[in-house]
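Here's the structure, in C-alpha cells; my notes come after.
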Amino acid sequence: MRNHFKHDKRLDAARRMPKLRHSVPGEEFDILDSEAATWLASQPEIRQYLFDKAKQLGLIKYDRESGTWQGSDAEEDEA
Numbered sequence: 000m001r002n003h004f005k006h007d008k009r010l011d012a013a014r015r016m017p018k019l020r021h022s023v024p025g026e027e028f029d030i031l032d033s034e035a036a037t038w039l040a041s042q043p044e045i046r047q048y049l050f051d052k053a054k055q056l057g058l059i060k061y062d063r064e065s066g067t068w069q070g071s072d073a074e075e076d077e078a
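Mapping the sequence shown onto numbering that gives the first Met the number 0, position 5 (from 1) lands on 4, and the numbers just tick up by one.
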C-alpha cells in the first residue's frame, strides 16, 4: 500500500532501496555505519533534494566571488 502524502518526487528513489541494515543488533548505533542511510545518500535524486532543501531554507549560501557554497553559520575563510 502506497502512502498518499504529497512529497517531492525526488524522494521516490527510496522506493528502490534493497534490503539493507540500518543498525546491527547488539551493537551501538552509528548513522555512519548504516547501510540504508549510505544507500539513500548515494542516490543522485536524494542528494539533489537535500541540497535544494538546505538552499531553500537558507542553511547554505553561495559566494559568487569564490564560486563556493558554505553553511550559513560557518566562519568566513580568512584571506
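Glycine included, C-beta positions come from ideal geometry on N, C-alpha and C.
Item, Value
"Candidates 66, 64, 60: closest to residue 74 by CA position", "60"
"Nearest residue (CA-CA) to residue 53, options 13, 69, 34, 17", "69"
"Extent of the continuous beta strand (DSSP E) run through residue 60", "59–62"
"Cβ-based neighbour list, residue 57, same chain, cut-off 7 Å, excluding 5 preceding and 5 following", "71"
"Contacting residues, own chain, Cβ-Cβ under 7 Å from residue 28 (five flanking each side not counted)", "22"
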